């Protein structure tokens, strides 16, 4: 018998009718929206809150991501928010009373060339000075941690080493989302599904109501947590942000006996693999080049992914691709999120997490709830304001996030 | 300071000189032959008629090539052709193209660049030639779609190529010289099934 | 996996093309005259509609020519 | 043995031996592992993943949710369905408990892909598909017909007759006609697993596993990439069971699968068979099995269904007292217990509409059918036959011909489950998920089938919900009290059936994983014993170790040669772009930060390019060849992106400029000849050229001929030394290189690699774009204000220099670092902090990082380049670089650590 997933609780959430008015309306019932709701109630006692979801709860990127959690980002600003998130992950199961299967199995980011090595050492050193666990490992040490990685120098792009963050891990995405949802629901927050936002009622520099497919809802504050669909909402508000929505694909194999004890990422050959709890190999692919809202991408990206996987992990040759799917990631020019004020005084923006939104979930939820409660950006979010594109003070994580996940 | 005098002339070498032996092991159904030292000149112009005299025929339209007696013209883009010749030396072909271009319509500029060493040429023919190409070329190579006189700038495996249809089961592949060894390896591997 | 119609070479596989994002974003006539806000808008901000989108593509592995095409970002369909 | 004479298409004249779970059995060519096991009376295949219950074969082909096996010989492969494994001699397999095992040795089988084009692709060679293929072929289409089984025919395996003939004769005749057409390609054993836009279908052909001795030079599996004008989906339907209590025992199977096993393999799945059906098709299966010698009892709750022997009842449970856990009796709702060794179930049919759904075809619920079928038609796609919900043979044939069939009254009664203990009513047999699980999900508040799926895991296993998906929707709807159509079903996504990673990788493995680009001198470098480095796709010689030398020793030697004698580098990988036209100078002025139009023919200028964001993207030299012609050198990595960058601006922004761009990267091989003795070598190489400083000054070039070969000489230096770049067409590269080596021999000319090049340039503070920059660095940050024109009104990136963040004095700037310990080489990438004896607790403020770091032969010490906050103002200060546990003090210097006055550029004083 294979390892089994824990059962979900007997009760998760109500299916309420929307009220006419809420103090806070969160648009988007994905991980970020649900986490924000949870922390609004838990940290700030704010419960007159609705989370509006156009489809089913946590059915967008939250249901489609490859669940990697790490905080080994290059720049101080990124490291702060992702490390805050990682520390919350470490206590999240207890906080939510939900078995989220957070497994800290470590992540290896492989380096394949001289410049990869320089970039890796640079990031490891920055992480350490920021108090984040990080090590630089040579090929032999990589092989010790993950014996199935091909560290031979006979492959096309030999592995020169890797960065290693031992505290990185994976969690079960549905369980995380449902844990946040259950907690928010239990606190009295209304999670409203099949409720698409179709417009906003504005009064000067404030939004006073949200128009939805289930009627108009008056609001004190609005938080936009719509990931790939953020631009659609911003268009309704007449606000422009540097966002492009792209398809991002992922895939799983069938269930296999344990072969892969950690998480391996490689920017150079575009592969990212972990083995989930039940035994399936979970892999993320690269972003499709074109804009797309179709939740599907091109198959040549999957094929290239498979070539890279078999090259790095020869044992995967006869593993089978069981299922592929796609999400919609909202990408910014500097590969860092946009969080904070909008031109509307009571509307907060949270978007642009690209391929990295899942790992930030609790950290973002915590800080965005704090931002809403105090009507000013949490210090960890301040560097990610929209106006950085005007000043030029970008947080350019391209080097660290080419295959971010 | 005395300089040692070199008695040897500077002999040209082809990008696939080292591959002849492995090519020779292939059966006739997938015959591979390196064809080095074709002069090639890239021509950009809005007045292709100016070059008709040099080529000996109107310059070809989309996805086509035209062969004159000494010079072949391959369409690369809407205002771009590649002239090739196994008979002329690169400077001769370049000079001829420039001379022809000088007669172009007023305002129809002709830009000419010698690119003889930019690409190298491989000939692939035999009953299984198309089968080999179809393992890595996405365009429709059925003789009704791609026959003698057809040309395509496209991908073969992971190399950019100019592919020419010469006749039934007969193709010429022009590949960037730096990719030539990769493509040779790739073609030999694709041909394994027919050995 | 689209079959994209190059105006010069005809339909070719998507892998032969390079995506160029929104079409018709003109380089400002006098960048020096722009405010930082307006310059940032030119440099970084592009439309991101769900639906009809006028885009630039380049037939990178073919004739290397840029062209404009209209595509639906929800269905991925090109308008013919 | 349950093999029946006179049935099946196996070759009974030959016997194959195989091993399953350690025991030896025999079968015949044409068998699958499943049919051979059933023929040997083996009914229990494995155990279930969660509850450890025995599981057998539930279906005859890819829809089977239970018969998972691990292949051990001829090569380990996990999680295959016994029903789809061709039996070969020596096959060793074992049943699985839900998880497979990967091989520990490399898979040496070949895999490849193949493109093909057709006007019509037909997926499925059943009656509808065969007719569709024949119709298309007869109208002159190129046709590809794929079918996932070894032989065509689909469901035409029973006792059907077509136009008065045996159906199999019809199949044979049709296939023969298609085979005779050169424009028809028939691909058996080929599964269309993914359907994408514009008629693109991917199909996996299994080419060798069924062969006794698979040829090594033929791919084991091939992915067909089919581009079709029109796709005909004729993929049939999957039978749907009725869920009954304890429906997961071995010996319980879909009715049509039992029929399939009989007719394809001559296997009668039982002697005492109960058929429980709410649909007509299973009555045919019952009749066939009876004819083959089984005792069959048909249970059908529909009044008047079947003959008089049919019991009008429902099965509500099963029992087993067999050792292997197989069914030994069923219980009916009237309390009757019927002993049996097999229970066949049929609750109707689910159209196999995956390939329609992959391209976003909407499925709609058909309440009469109890299934989802294709809704609004899609352009370029036709769904025919059972895949379209058309189940009668005449209707299938009509749809295959492109006609609209007569409507046929439906007689299926839709029954998702019968009475019983929901905790023992299995919906997804592979995930051990039951009706009770669905009830729990609904009780927890789940209202969407996607949530129910995730809560219960139904449909997430190997079979991806083929038999369970609709039933789960139906039962959920029942429990919620809503119509099934309001719930919908979960989405079908590629692949239709699992595909091996290696098959998708194809030939892109090992050396063919990614192209290796090589220069015209590659063979020489190999011969010379070069150690290569990957620079993008290029293989570049990094250094040339002599016996006993490590990299450090070799590089020190190579550096010393270039600084004291003469060295030579293969610099051919640098990108080269021929820029021609009356407006060439205008274009370059807009692209480079400095002025290029003022360059005189015969002269060379160094330039920097930025993106619109003002960050450096490339640098290199520009030669003006003529009034209207320039040769632009890019970095090695920049060759393709910079050409694209120029084309993009030229074509989309400034089409009025009369300029054309041509890549000449491989046209020209380029060899820097570097060092105080380079003048001697060049002088000997081109004796007719005056190489004196006066006649051939720095940053000038000329064309000449050597032995009749055109050669370009340029006085460019990336090392600070007297140097020439010799350029020659690629044909003559090897000969010219050798000539330069011969002529340089008296001066001990030393070939050097990229590592030495990097040291020499770093000593002079010349940045490498991508190493000393990271996309956040401006020319000013590099200390290159001099390369930014103050005269030009605009160029790409200029406006960004005026943004607030660009004016911040604490921007990171390129400086030199000298470790206080001259023997200590800082690791590249190291972070830099304020001078300290002990690090404060984190977060420690960081000032920048080491971008380049080397041991310098010329300086006799180590040095580094670094990007440091406000670095230009910190020259002379000391900072700390943490290296491991050590805190290394370093001194900030200017970025030029060697010959800052530039005295060596024109050669050693006194020579010439």
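Chains as they are written, first to last, in the working numbering: chain A, 427 to 831; chain B, 328 to 522; chain C, 1301 to 1380; chain D, 1424 to 2335.
Ideal Cβ placement from N, Cα and C applies to all residues, glycine included.
Predicted model, so just to flag it, every value in this text is computed and none were measured.
- Selection 2024(D), 1897(D) and 2293(D) evaluated against residue 2137(D) yields 2024(D) as nearest (Cα-Cα).
- Residue 1447(D) counts as exposed, since fewer than 16 other C-beta atoms from the protein chains shown sit within 10 angstroms of its C-beta.
- Interface residue (Cβ-Cβ distance to chain B less than 8 Å): residue 1361(C) is classified as such.
- Under the 8 Å criterion on CB atoms, residue 1347(C) is classed as non-interfacial with respect to chain D.
- Among the CB atoms of chain C, one or more fall inside 8 Å of the CB of residue 2035(D).
- Sorting 1874(D), 1430(D) and 1818(D) by C-alpha distance to the C-alpha of residue 1829(D) places 1818(D) at the top.
- Of all residues in the stretch 700-719 of chain A, only 715, 716, 717, 718 and 719 come within less than 8 Å of chain C when Cβ atoms are compared, listed by chain position.
- Within the stretch 481-509 of chain B, 481, 482 and 487 place their CB atoms closer than 7 Å to a CB of chain C, listed in sequence order.
- For secondary structure counted as the beta strand (DSSP E) over 3 or more consecutive residues, the stretch 2051-2120 of chain D holds these complete runs in sequence order: 2052-2057, 2083-2086 and 2091-2097.
- Residue 1473(D) belongs to the set of residues whose beta carbon lies under 8 Å from a beta carbon in chain A.
- Of the residues assessed, residue 2268(D) falls on the exposed side of the cut-off, its CB having fewer than 16 other CB atoms within 10 angstroms.
- Our two residues, residue 1735(D) and residue 1631(D), have alpha carbons roughly 48 Å apart in a direct line.
- Non-local C-beta neighbours of residue 513(B) in its own chain, meaning closer than 6 Å and more than five positions away in sequence, comprise 484, ordered along the chain.
- Contact of residue 389(B) with chain C by beta-carbon distance below 8 Å involves 1308, 1309 and 1310.
- Burial check for residue 771(A): the Cβ neighbour count within 10 Å stays below 16, so the residue is exposed.
- Residue range 565-571 is occupied by the alpha helix (DSSP H) that includes residue 565(A).
- Here the alpha carbons of residue 2014(D) and residue 2302(D) stand approximately 37 Å from one another.
- Taking a C-beta distance under 8 Å as the contact criterion, residue 1864(D) and residue 1857(D) do not qualify as a contact pair.
- In the three-state DSSP reduction, residue 469(A) falls in the helix class (H, G or I).
- Sequence-distant Cβ neighbours of residue 676(A) in its own chain, meaning closer than 8 Å and more than five residues away, are 490, 491, 492, 708, 709, 710, 711, 750, 751, 752 and 753.
- Annotation: residue 1768(D) to residue 1714(D) spans about 19 Å, alpha carbon to alpha carbon.
- Per the C-alpha coordinates, the member of 455(A), 469(A) and 659(A) positioned closest to residue 798(A) is 469(A).
- Residues of the stretch 548-559 of chain A whose Cβ lies closer than 9 Å to any Cβ of chain D, in chain order: 548, 549, 550, 551, 552, 554, 555, 556, 557 and 558.
- DSSP places residue 1600(D) in the helix class (H, G or I) of the three-state scheme.
- Secondary structure note for residue 2182(D): its alpha helix (DSSP H) is the uninterrupted segment 2177-2186.
- Beyond the five residues adjoining it in sequence on each side, residue 806(A) comes within less than 7 Å, by CB distance, of 506, 507, 510 and 793 in the same chain, given in chain order.
- Boundaries for residue 2247(D): no beta strand (DSSP E) harbours it, and the DSSP string shows neither H nor E there.
- Non-local beta-carbon contacts of residue 2132(D) in its own chain, meaning distances under 6 Å to residues more than five positions away in sequence, involve 2155 in chain order.
- For residue 475(A), no chain C residue has a C-beta closer than 7 Å to its own C-beta; the minimum C-beta separation is roughly 27 Å.
- Residues of chain C whose Cβ lies closer than 9 Å to the Cβ of residue 470(B) do not exist, since the nearest Cβ in that chain is about 17 Å away.
- Our two residues, residue 654(A) and residue 459(A), have alpha carbons roughly 13 Å apart in a direct line.
- Identification of residues in the stretch 387-415 of chain B having a C-beta nearer than 8 Å to some C-beta of chain C yields 389, 390, 403, 404, 405 and 407, given in sequence order.
- In the structure shown, the three-state DSSP call for residue 1894(D) is helix.
- In the structure shown, the three-state DSSP call for residue 1651(D) is strand.
- Around the beta carbon of residue 2299(D), a 10 Å sphere encloses fewer than 16 other beta carbons of the protein chains shown; the residue is thus reported as exposed.
- Listed along the chain, the chain D residues whose CB falls inside 9 Å of the CB of residue 443(B) are 2090, 2152, 2153 and 2154.
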